[in-house]
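Undergrad: Just passing along the structure, written as structure tokens.
In this note's numbering, the protein residues as written are 25 to 542.
Listed below in structure tokens is the structure:
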């Protein structure tokens with residue numbers, strides 16, 4: 025009778041034997057495995073990544089496409105949101121905008137995965153199964169939306185914190201300050217959030233170090249401020265950046281419903297049940313780690329998790345023009361919580377079971393993510409066949425169906441117009457023009473309210489957004505401002521007719537109209 029349990033245990037033991045692989049090789053192995061979902065797609069199917077691609081095509085190609093100059097301009101200045109924008113300047117001449125963007129996507133995930141594993145080793149002396157549980161979080165909602173600068177900056181912040189720990193100690197204080205003043209400026213330039221996240225991690229480390237010194241709260245606060253002083257350099261350019269912007273870009277305070285939604289929705293991908301169960305499993309793993317005597321806790325990362333949770337609760341929905349500011353932090357709070365944990369002993373059944381569960385969870389989420397990315401890329405390219413009837417330099421109005429706000433579906437195709445800009449150098453109404461958020465300016469008053477981002481968003485009638493329905497958009501679109509209208513996500517029979525719109529291409533869920541009246 026005991027044969028079956030012994031066989032099961034042998035299987036678990038075999039899977040968990042990867043923990044005995046030398047740490048450097050283990051890091052390389054899991055880093056490469058974690059990047060697989062983005063290695064098998066040629067075009068990143070994430071909504072905002074497509075929009076960014078359009079901006080990259082404009083910033084690197086205005087000289088080659090001078091007909092875009094009446095609509096767009098791009099002027100460099102230091103702001104806290106330029107990571108991929110700077111990289112594409114180097115990559116576009118070498119491999120083009122599309123491939124360059126894909127290189128940035130892969131690089132971001134490679135940096136993120138290696139940062140989690142490297143930090144685990146620095147904190148605990150080895151890679152833990154909890155770090156393997158954390159790896160799927162690099163494919164959380166911020167990345168799936170295509171927040172490239174944000175995702176890159178957060179990955180770099182984890183690596184920077186690893187370096188901060190390596191330069192710990194009074195004998196290295198001068199060296200650490202010399203390194204981290206410019207490093208913090210570069211991280212802020214990539215994205216403000218990455219710099220803030222690094223500050224949170226370093227503050228947590230300072231709290232952990234000072235907790236048992238017996239000093240007063242005021243003295244501890246002063247010590248922590250001094251401890252983190254090398255990270256304060258970006259305050260000057262940030263103040264200059266925000267003072268030049270009339271709108272603070274901060275809104276959506278204490279939306280408890282949204283915070284509850286994202287607290288279990290940080291792995292949102294495609295299927296509500298699987299994604300929520302996956303998120304719940306990670307939360308349960310953290311709970312087990314905190315409660316179990318079989319698991320030890322790193323104090324620095326425990327404080328970082330508490331600070332991150334506090335920040336998640338108090339952050340508004342929009343900061344400096346960037347939406348979902350609070351939601352973006354949720355997966356990193358979970359990742360930091362997991363990085364705080366390690367098995368109290370290396371051998372035995374409990375660590376072996378943890379390793380087997382962690383590897384199984386990682387493989388499951390990577391297969392799921394890779395399958396969704398491949399399917400969405402196929403769907404994207406099916407729609408991009410419409411570009412055969414849209415000439416270079418066209419003035420294109422894109423109207424793309426969105427899921428209702430309460431739906432689980434991701435809005436993968438929202439910024440298809442950005443890919444049209446990259447491939448055909450057209451004008452598209454989907455680019456962002458929030459002052460201070462990016463360096464692109466859009467100036468085409470003839471398009472009125474259909475000039476910039478949000479005008480491409482079309483919601484089904486049942487979403488109760490009457491000013492953003494297809495009927496409303498078709499009726500109010502200033503046709504004289506456009507040469508073509510591209511409606512995506514609706515069957516041709518559902519699209520209302522309007523004089524001056526002539527169908528030139530159609531599929532089962534999209535139509536391209538040529539504007540006949542100018």
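Here a beta-carbon is modelled for each residue, glycine too, at the ideal position from N, C-alpha and C. Note that the structure is predicted; figures quoted are calculated from it, not measured.
1) Name the residue from 512, 249 and 291 whose alpha carbon lies nearest to the alpha carbon of residue 231.
2) Are the beta-carbon atoms of residue 442 and residue 85 separated by less than 8 Å?
3) Under 8 Å by Cβ, that's how I've got residue 288 and residue 304 pegged, so tell me the actual separation to the nearest angstrom.
4) From the DSSP output, which residues share a beta bridge with residue 538?
5) For a test of the three-state rule: what should DSSP assign to residue 514, helix, strand or coil?
6) Is the beta carbon of residue 541 sitting closer than 8 Å to the one on residue 528?
7) Inspect the beta-carbon positions of residue 436 and residue 400 and report whether they are closer than 8 Å.
8) Any contact of the region 367–384 with the region 152–162, i.e. 3+ C-beta pairs under 8 Å?
9) Between residue 327 and residue 144, what straight-line distance do the alpha-carbon atoms span, to the nearest angstrom?
10) Over what stretch of residues does the alpha helix (DSSP H) that includes residue 264 continue unbroken?
11) Quick one, are the C-beta atoms of residue 452 and residue 420 less than 8 Å apart?
12) Would the beta-carbon of residue 470 fall within 8 Å of that of residue 504?
13) The beta strand (DSSP E) with residue 366 in it runs from where to where?
14) Could you spell out where the beta strand (DSSP E) holding residue 423 opens and where it closes?
15) On the DSSP letters alone, give me the boundaries of the alpha helix (DSSP H) that residue 127 sits inside.
16) Short check: CB of residue 277 to CB of residue 355, under 8 Å?
17) Buried or exposed, going by whether 16 or more other CB atoms sit within 10 Å of the CB of residue 429?
18) Taking buried to mean at least 16 other C-beta atoms within 10 Å of its own C-beta, is residue 480 buried or exposed?
19) Using CA coordinates, which residue listed in 183, 93, 182 and 68 is at the minimum distance from residue 129?
20) For the beta strand (DSSP E) that residue 346 lies in, which residues bound it at each end?
21) With residue 330 as the anchor, note down where its beta strand (DSSP E) starts and where it stops.
22) DSSP three-state call for residue 25: helix, strand or coil?
23) Between residue 95 and the rest of its own chain, which residues show a CB-CB distance below 6 Å, the 5 nearest in sequence each way excluded?
24) Find the nearest neighbour of residue 16 within the set 66, 60 and 482, judged by alpha-carbon distance.
25) Contact check, residue 89 vs residue 449 under 8 Å by CB: the rounded distance?
26) Have a look at residue 317 and residue 364 and give me their C-alpha separation to the nearest angstrom.
27) Taking 8 Å as the cut-off, decide whether the C-beta atoms of residue 167 and residue 72 are in contact.
28) Using a Cβ-Cβ cut-off of 6 Å (strictly less than) and excluding sequence neighbours within five positions of residue 511, which residues of its own chain qualify?
29) I'd like the list of long-range same chain contacts for residue 245, defined as Cβ closer than 8 Å, with 5 residues on each side in sequence excluded.
30) For residue 64, which of helix, strand or coil comes out of DSSP?
31) Which same chain residues, not among the five before or five after residue 157, have their C-beta less than 7 Å away from its C-beta?
TA: On the basis of the data shown:
1) Translated into positions along the chain shown, residue 231 becomes position 207. Here the closest residue by C-alpha is 249.
2) Translated into the one-based positions of the chain shown, residue 442 becomes position 418. Translated into the one-based positions of the chain shown, residue 85 becomes position 61. Not in contact: residue 442 and residue 85 (Cβ atoms no closer than 8 Å).
3) As a position in the chain shown, residue 288 is number 264, starting the count at 1. As a position in the chain shown, residue 304 is number 280, starting the count at 1. Sure, about 6 Å apart at Cβ, within 8 Å.
4) Residue mapping note: residue 538 aligns to position 514 of the chain shown, counting from 1. DSSP, once it has assigned bridges, lists 508 and 526 as partnering residue 538.
5) Taking the chain shown and counting its residues from 1, the one referred to as residue 514 is at position 490. Residue 514: coil per DSSP, three-state reduction.
6) Residue 541 sits at position 517 when you count from the first residue of the chain shown. Residue 528 sits at position 504 when you count from the first residue of the chain shown. No, these two residues do not count as a Cβ contact at 8 Å.
7) As a first step, residue 436 is located in the chain shown; it is residue number 412 there, counting from the start. As a first step, residue 400 is located in the chain shown; it is residue number 376 there, counting from the start. Yes; because the gap between Cβ atoms is below 8 Å, this pair is in contact.
8) yes
9) As a first step, residue 327 is located in the chain shown; it is residue number 303 there, counting from the start. As a first step, residue 144 is located in the chain shown; it is residue number 120 there, counting from the start. Distance between the alpha carbons of residue 327 and residue 144: 16 Å.
10) Within the chain shown, residue 264 is the residue found at index 240, counting from 1. Counting along the chain, the alpha helix (DSSP H) containing residue 264 begins and ends at 259–267.
11) Position 428 of the chain shown holds residue 452. Position 396 of the chain shown holds residue 420. Going by C-beta atoms, residue 452 is nearer than 8 Å to residue 420.
12) To locate residue 470, count along the chain shown from 1; it is residue 446. To locate residue 504, count along the chain shown from 1; it is residue 480. Going by C-beta atoms, residue 470 is nearer than 8 Å to residue 504.
13) For the purposes of this step, residue 366 is taken as residue 342 along the chain shown, with counting starting at 1. Here the beta strand (DSSP E) through residue 366 covers 365–367.
14) Against the chain shown, residue 423 aligns to sequence position 399. 419–425 is the span of the beta strand (DSSP E), which, as asked, contains residue 423.
15) Within the chain shown, the letter at position 103 stands for residue 127. 107–148 is the span of the alpha helix (DSSP H), which, as asked, contains residue 127.
16) Here residue 277 refers to the residue found at position 253 when the chain shown is read from its first residue. Here residue 355 refers to the residue found at position 331 when the chain shown is read from its first residue. Taking 8 Å as the Cβ cut-off, residue 277 and residue 355 do not qualify as a contacting pair.
17) As a first step, residue 429 must be located in the chain shown, where it is residue number 405. Residue 429 comes out exposed.
18) Along the chain shown, read from residue 1 onward, the residue named residue 480 stands at position 456. Its Cβ being crowded by 16 or more others within 10 Å, residue 480 is buried.
19) Position 105 of the chain shown, counting from 1, holds the residue named residue 129. Answer by Cα proximity: 68.
20) Reading the chain shown from its first residue, position 322 is the one you call residue 346. Segment: none, residue 346 is in no beta strand (DSSP E) and carries neither H nor E.
21) Position 306 of the chain shown, counted from the start, is the residue given in the question as residue 330. From DSSP, residue 330 is part of no beta strand (DSSP E) but of the alpha helix (DSSP H) over 323–338.
22) Translated into the one-based positions of the chain shown, residue 25 becomes position 1. At residue 25, the pLDDT of 47 sits below 50, so the modelled position is not reliable; the number obtained from the coordinates is stated separately. Coil, per DSSP.
23) Residue mapping note: residue 95 aligns to position 71 of the chain shown, counting from 1. Same-chain partners within the cutoff: 451 and 468.
24) An answer regarding residue 16 cannot be provided, because it is not within the stretch 25 to 542 covered by the chain.
25) Translated into positions along the chain shown, residue 89 becomes position 65. Translated into positions along the chain shown, residue 449 becomes position 425. So it is a contact: roughly 4 Å between Cβ atoms.
26) As a position in the chain shown, residue 317 is number 293, starting the count at 1. As a position in the chain shown, residue 364 is number 340, starting the count at 1. Using only the alpha carbons, I get a separation of about 14 Å.
27) Along the chain shown, read from residue 1 onward, the residue named residue 167 stands at position 143. Along the chain shown, read from residue 1 onward, the residue named residue 72 stands at position 48. No, Cβ-Cβ distance for residue 167 and residue 72 is not below 8 Å.
28) As a position in the chain shown, residue 511 is number 487, starting the count at 1. Taken in chain order, the residues that qualify are 423, 519 and 535.
29) By one-based count along the chain shown, residue 245 stands at place 221. Result list for residue 245: empty, nothing under 8 Å.
30) In the chain shown, the residue the question calls residue 64 occupies position 40. Of the three classes helix, strand and coil, the one that applies to residue 64 here is coil, per DSSP.
31) Along the chain shown, read from residue 1 onward, the residue named residue 157 stands at position 133. These residues qualify, in order along the chain: 306, 309, 362, 382 and 385.
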